[in-house]
Amino acid sequence: MGLASVSGSARVQSQPFLKANVDAFRHVYRGEVWYLLHDRALDRYYRISAEAARMLGALDTRRGLKDGATPFEIEGIDEADTARFLSHLRASGLLRTGETITAADIAAQRKALARRRWKAMAKSPIGLRLPLFDPTPLLDRLGWLERLVFARSGLWALGLVILTGMIAALVHWGAIASNITDKLISMENLAVASIVYVVMKAVHETAHALTLRHFGGEVRRVGLIFVLLMPVPYVDASTSSTFANKYRRIAVASAGIVSELFMGSLAVFGWILAEPGLFRTVCFDILMISGFSTLLFNGNPLQRYDGYYILCDLIEVPDLGSRSTAYIGFLARRYLLGAREEKPPRTAPGETSWFLVYGPASFIYRQVLMLSIAMFAAQSYPVIGATLAVWMLAGAMLTPVIGLGERLRKVKKADRYRMLGRSLLVAGGLAGLLFLVPLPNGVVAPGIVWLPDSAIVRTAGTGEIDALLEPQGGQVTSGQIIARLSNDELRQRLAVAEARLSEAEATFRSVFMRDHAQAGIEAQKVAAAREERDVVTAEIARLDVKVNAAGTLVYADPVNLPGTYLHEGTQIAIVWNGADSFVRCFLPLWEIDRIRSAGTVSLRFAFDPHHDVPGDILRIVPAATDRLPSPILSLEGGGPYAIASHDKAGPTLTEAVFEVVVRPREPLRVDLFQGRVNVRFDLGWEPAGYQILRAARLVFLRQLDV
3 MGLASVSGSA RVQSQPFLKA NVDAFRHVYR GEVWYLLHDR ALDRYYRISA EAARMLGALD
63 TRRGLKDGAT PFEIEGIDEA DTARFLSHLR ASGLLRTGET ITAADIAAQR KALARRRWKA
123 MAKSPIGLRL PLFDPTPLLD RLGWLERLVF ARSGLWALGL VILTGMIAAL VHWGAIASNI
183 TDKLISMENL AVASIVYVVM KAVHETAHAL TLRHFGGEVR RVGLIFVLLM PVPYVDASTS
243 STFANKYRRI AVASAGIVSE LFMGSLAVFG WILAEPGLFR TVCFDILMIS GFSTLLFNGN
303 PLQRYDGYYI LCDLIEVPDL GSRSTAYIGF LARRYLLGAR EEKPPRTAPG ETSWFLVYGP
363 ASFIYRQVLM LSIAMFAAQS YPVIGATLAV WMLAGAMLTP VIGLGERLRK VKKADRYRML
423 GRSLLVAGGL AGLLFLVPLP NGVVAPGIVW LPDSAIVRTA GTGEIDALLE PQGGQVTSGQ
483 IIARLSNDEL RQRLAVAEAR LSEAEATFRS VFMRDHAQAG IEAQKVAAAR EERDVVTAEI
543 ARLDVKVNAA GTLVYADPVN LPGTYLHEGT QIAIVWNGAD SFVRCFLPLW EIDRIRSAGT
603 VSLRFAFDPH HDVPGDILRI VPAATDRLPS PILSLEGGGP YAIASHDKAG PTLTEAVFEV
663 VVRPREPLRV DLFQGRVNVR FDLGWEPAGY QILRAARLVF LRQLDV
């Protein structure tokens, strides 16, 4: 809060006094000196610049301004800025002008502060706070734990456990993450997870409190914060902001994250060693909560939790979130609404870049996170999920409108009409861009280049490849033999079958003239032996690998194929004919009807992203499938589809899809075979607003069934 950035009346009453219960702490940010004021009566903090501190230095709690000077006679400080600054101090409750401050005045100030806090909390269902009591006696009893953890050996042990736990989690992650969604949201687990979550957060907040006390700070308040309407303990560690050493502030902010990582590491070992049961379930919940909580909330600087305060101190930009909002608001009022009297907020070198990046990123992340949580909750609890979604959307849409209304009430009437007109013009322009300006509309589906089954060369028998009879890239015709397998077992079986057939025929000839009844029996044996020989002969004939199409022969591995033992049905080559190739792409059910009216279809290949190939829809397979032809379409292979399991038939999807076959209008190159391709179905032009509304409608249909 610099002198130039405060607002208020042009004049203040003479003989101002700074309240005696205000403490000042000197900080240095980006080479500039700032001061942090702490109002002990209201437990509020204010940051002021060095210039503002010069004004405070002229104030005396007993005699007002030193040496009888007026506020406007202090050298180097502008008169108007001085007046605004003193008015702001007065409005903040830091300044008095001789009147007696009563208990009723302090109570009124606290009620006003409480109303502002409740108003802010109502904007988001994630951060409702309820203060409870002073935890000092409890923390005094935990002094032994503080000394144990902050001893050198304790810190080394803490780091070693976390490191080994993370390594163990990575090694066993496949088993841990198996069927993770069902484990998390099952009714049996939710009750256990709720208790584990509250206990973990109690440990988390205790870590903050003990670290703060270790560096000389005080914890005067503990309470409950309602996360998704669930009560979770919290401690007020705001006194850490008074530390001059930024690394101590960072240590206090990161203590909770470290405690959760420690608990998660212990839980990994417990989960690995324990048998299925309640204890293993508890370990699983601890591991999941510590991981997701750190990634999405506590460790994420876009949320105003621990990671946010760590980032602020690391980059030396205090109060990054609020100042980002204030700076972007200034830009909007100054350049969009035409508020020419607006003065830019006080900034240090390099801070504006952080404001421009952090403000929008934090807002978007919070809205997406809240909507994702609401949709996730709605899958099992539709009422809770719908309530959270409505709460989030209402806060996101109404907050700017309410802020604009409050701003318009404070400006002059002439400026008010001008700003209101520009506001309506901007809103109308945005609405026009969303619902009047058409934009390209289409559906993009992942696919894979494929060939007809007749072009896939597979072994018809089992054996070892003797030699490849046709070279790589050679031209072949249908029915041509390209390789031959050898199978010693089949050769031995053929020799045995022929010997049996010779023996049976000799026996038949010897009894044919002497015993007609016995000759009939021997004739049956001859037929059986001949059939056995024919079967083996047919199996040997299948050792010849033939092609069933004409084109260019492409072996899978021409160097290593000779001498390789192959089973029946193993693919060893393809016969490439670019004109016969096609693309198999996959779409969810709700996109199938839309693509039926597609005007044009274009193919963009992963191996050649700068060249689009036109195509046509050949057919839409009417039945849904949960199988993919190749893992490259799965999340693991860079595609969009989640895989539930793998087996010999291929990857199994978590959600069924429909297959669409597209025929390219020009021959494809052989190097594109089984390569990933993005297929775009052009649906013409449509304004972005209607596209967004349709996408939102689909989300509600899928998640909430409304």
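All residue numbers for the sequence shown refer to this note's numbering, where the first residue is 3 and numbers rise by one. All residues carry an ideal CB built from backbone N, CA and C; glycine is no exception.
* Work out the CA separation of G463 and G565 for me, nearest whole Å. => Linking G565 to G463 through their CA atoms gives a straight-line distance of about 15 Å.
* Apart from the five residues on each side of it in sequence, which residues of its chain come closer than 6 Å, Cβ to Cβ, to E353? -> Around E353: V319.
* Please work out which residues of its chain come closer than 8 Å, Cβ to Cβ, to Q482, disregarding the five sequence neighbours upstream and downstream, and give them in chain order. => In the same chain as Q482, and ignoring 5 residues on each side of it, the C-beta atoms closer than 8 Å to its own belong to E472, K548 and V549, in chain order.
* Going by beta carbon distance, what residues of the same chain come within less than 6 Å of N680, once the five residues before and after it are set aside? -> Excluding five sequence positions before and after N680, the CB atoms of its chain that fall closer than 6 Å to its own CB belong to V446 and R606, given in chain order.
* Asked: Considering P473, what are the terminal residues of the alpha helix (DSSP H) in which it resides?
  -> Membership of P473 in any alpha helix (DSSP H) is not indicated, and neither H nor E is assigned to it by DSSP.
* Three-state secondary structure (DSSP) at A239? -> Assignment of A239 by DSSP, reduced to helix, strand and coil, places it in the coil class.
* By Cβ distance, which residues of its chain are closer than 8 Å to S256, with the 5 residues on each side in sequence left out? -> Once the five neighbours on either side are set aside, the close Cβ partners of S256 are D308 and I312.
* Bridge-paired residues (DSSP) for R678 -> Under the DSSP definition of a beta bridge, R678 partners with I450.
* Helix, strand or coil for K548, going by three-state DSSP, please let me know. => DSSP, reduced to helix, strand and coil, places K548 within a strand of the structure shown.
* For R368, name the three-state secondary structure that DSSP assigns. => Residue state, collapsed to three classes: helix.
* On the premise that E500 lies in contact with R535, defined as a C-beta separation below 8 Å, what is that separation, rounded to the nearest angstrom? -> Yes, R535 and E500 are in contact; Cβ-Cβ is about 6 Å, under 8 Å.
* 8 Å CB neighbourhood of D618 in its chain, flanking five on each side removed -> Here the set comprises V603, V664, R665 and R667.
* To do: Assuming L655 contacts L630 (C-beta within less than 8 Å), just tell me the rounded distance between them.
  => Contact between L655 and L630 holds: their C-beta atoms lie close to 6 Å from each other, under 8 Å.
* Go ahead and pull the three-state DSSP assignment for Y47. => Under the three-state reduction of DSSP output, Y47 falls in the strand class.
* Assuming S599 contacts L685 under a Cβ cut-off of 8 Å, what Cβ separation, rounded to an integer in Å, is found between them? -> The Cβ separation is near 7 Å, so the contact holds.
* Could you say which of F264, R424 and P139 lies nearest to T166 if we only look at CA atoms? => Nearest in C-alpha terms to T166, of all of F264, R424 and P139, is F264.
* To do: Pull up the CB-CB distance for A276 and V254, whole angstroms please, since I reckon it's below 8 Å.
  => The pair is not a contact, with the Cβ atoms about 34 Å apart (cut-off 8 Å).
* the segment 136-146 / the segment 219-227 touching (three or more Cβ pairs under 8 Å) -> Judged by Cβ distances under 8 Å, the segment 136-146 makes contact with the segment 219-227, as three or more pairs qualify.
* To do: Drop a sphere of 10 angstroms on the beta-carbon of N302, count the other beta-carbons inside from all chains shown, and report buried for 16 or more, exposed for fewer.
  => N302 comes out buried.
* Asked: Taking all protein chains shown into account, do 16 or more other C-beta atoms lie within 10 angstroms of the C-beta of H613, making it buried, or fewer, making it exposed?
  -> Result: exposed.
* To do: Using 6 Å as the cut-off, classify the Cβ of A328 as near or not near the heavy atoms of the ligand ATP, replying yes or no.
  => Among the components of this structure there are no ligands whatsoever, and the ligand ATP is therefore not found.
* Could you give the distance in angstroms between the alpha-carbon of A457 and the alpha-carbon of V623? -> Approximately 21 Å, taken between the alpha carbons.
* Beta-carbon proximity list for D69, same chain, < 7 Å, skipping 5 on both sides -> Residue confidence for D69 is low, a pLDDT of 42 falling below 50, so the modelled location carries little weight and cannot support an answer.
* Asked: From which residue to which residue does the beta strand (DSSP E) around F584 run?
  -> Where F584 is concerned, the enclosing beta strand (DSSP E) starts and stops at F584 to L589.
* Measure the alpha-carbon distance for L268 versus L700 and round it to whole angstroms. => Distance between the alpha carbons of L268 and L700: 42 Å.
* Report all residues from its chain with a CB closer than 7 Å to the CB of I542; omit the five preceding and five following residues, and keep chain order. => Around I542: L492 and L496.
* Asked: Are the beta-carbon atoms belonging to A52 and V30 less than 7 Å from one another?
  -> One thing to note: A52 has its Cβ no nearer than 7 Å to the Cβ of V30.
* What residue from S488, E661, F437 and P346 has the CA that sits closest to W452's CA? -> The residue with the shortest Cα to Cα distance from W452 is E661.
* Asked: By how many angstroms is the C-alpha of A363 removed from the C-alpha of F245?
  -> Roughly 28 Å between the two C-alpha positions.
* Counted within 10 angstroms of its Cβ, other Cβ atoms place G465 as buried (16 or more) or exposed -> Counting Cβ neighbours within 10 Å, G465 comes out buried, since at least 16 surround it.
* Report all residues from its chain with a CB closer than 6 Å to the CB of A626; omit the five preceding and five following residues, and keep chain order. => By the criterion of a C-beta distance shorter than 6 Å, A626 is surrounded in its chain by A658 and F660, once the five residues flanking it on both sides are discounted.
* Specify, as a first and last residue, the run of the beta strand (DSSP E) that T244 falls within. => DSSP places T244 in no beta strand (DSSP E); its state is neither H nor E.
* To do: Name the two residues that bound the continuous beta strand (DSSP E) containing A26.
  => Annotation: the continuous beta strand (DSSP E) that includes A26 extends over V24 to Y31.
* Any idea if G641 is buried or exposed, counting beta-carbon neighbours within 10 angstroms, 16 or more meaning buried? -> Buried, by the Cβ-count rule.
* Where does T327 sit, in a helix, a strand or coil, going by DSSP? -> T327: helix per DSSP, three-state reduction.
* **Coarse secondary structure for Y37, derived from DSSP in three states** => In the structure shown, Y37 sits in a strand (DSSP, three-state: E or B).
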